Amino acid sequence: MKASSDPEAVCVDEELDSLFYRLIEVDESIALNMIIVLIGAPGAGKGTQARLLEERRGLPQISTGDMLRAIARTETPIAKEVRAVQASGKLISDDLVIRVVQERTSREDCKGGFVLDGFPRTIVQATMLENLAFEQHQKVVAALVDVQFDLLEMRATGRRSCPVCGEIYNIHFKPPQKDNVCDLHPEAELIHRADDTPEKIKVRLATYEQQTQPLIDYYEASKRLWHLDGTREADVIYAELDKLLNQEGHQTSDGEARN
Ligand code: AMP
């Protein structure tokens, strides 16, 4: 953990350290299911890896971006605020995101582990996740899908997704067979997210640099971070991730607990 002269930052560091040590004190004989945290800038390919983990390992994909977009589409009082913040490229308040994640991960399908796509994005959210993992006897591992910043803008602006199955395309790198419709759902026009424009991507990348990149140091310091070169084909990246998860050793590739 990096030394800091900011008293508030020191406090957060100490709290995170103590949570981490409580976590590793959990009896090693207890099989810990895994919470897989995918970290990466907008357009790095976290969503694609999360979908593959869900399909191939049966782990639920929990995307805070998707859940917040679903809230934004409702008629609730909070929807307008969520819409505005998402459109700006900045982050939704920790308080709201944490409530959403707590509710979703308390469901039965998360008992065997789950994949977090887009959470945590701040140190406060990471602290909440440590508490949650500790209470549920789950183990947190983090994978950084690493792509250099100059490639990200093209990736994010070219991104399109199917509103039916969520399949992710890219008009530059992985175009659909027919113009702007899903290969599997030809009736469905692909979605271009309102925050995937060059101006919004710039803000989102700056937000990532300021608020999310510190998490890399945090997971690195507690030796729970894998670096994945995100410029490769999605299947190649997945194969490496799958191997690392197998080595971690608590789960078989069909999602059943091994011990
Ligand atoms: P994503 O789909 O992960 O790129 O997220 C889209 C937008 O949703 C972000 O730019 C934020 O406005 C919001 N968002 C998603 N996840 C979080 C989070 N963990 N914390 C705060 N805001 C989030």
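So for the sequence shown, this note's numbering puts the first residue at 25; every next one is plus one.
C-beta atoms are modelled at their ideal positions from N, C-alpha and C, and glycine is treated no differently.
This one's a predicted model, so the numbers in the text were calculated from it and none came from an experiment.
1) Among Asp170, Pro210, Ile86, which has the Cα closest to the Cα of Leu265?
2) Do Asp259 and the ligand AMP come close, with the Cβ less than 7 Å from some heavy atom?
3) Mind pulling the beta strand (DSSP E) runs of 3 or more residues that sit fully within the stretch 151-177?
4) Whole angstroms is fine: what's the gap from Asp220's alpha carbon to Asp253's?
5) Do Val148 and the ligand FMN come close, with the Cβ less than 7 Å from some heavy atom?
6) Would DSSP call Gln110 helix, strand or coil?
7) So, helix, strand or coil for Ile86, using DSSP?
8) Out of Thr146, Asn204, Leu56, which has the shortest C-alpha to C-alpha gap to Thr236?
9) So, helix, strand or coil for Asn204, using DSSP?
10) Quick one: using the 10 Å Cβ neighbour count with 16 as the cut-off for buried, is Arg141 buried or exposed?
On the basis of the data shown:
1) Looking from the CA of Leu265, the closest CA among Asp170, Pro210, Ile86 belongs to Asp170.
2) Flag unset: Cβ of Asp259 not near the ligand AMP.
3) Qualifying beta strand (DSSP E) stretches, in chain order: 162-170.
4) Approximately 22 Å, taken between the alpha carbons.
5) This structure lacks the ligand FMN; its bound ligands are the ligand AMP.
6) The three-state secondary structure of Gln110, taken from DSSP, is helix.
7) In the structure shown, Ile86 sits in a strand (DSSP, three-state: E or B).
8) Distances from the CA of Thr236 to each of Thr146, Asn204, Leu56 were compared; the closest alpha carbon is that of Thr146.
9) Correct three-state label for Asn204: coil.
10) Residue identity differs from the one stated: residue 141 is Asp in this sequence, not Arg. Classification of Asp141: buried, given that the 10 Å Cβ count is 16 or more.
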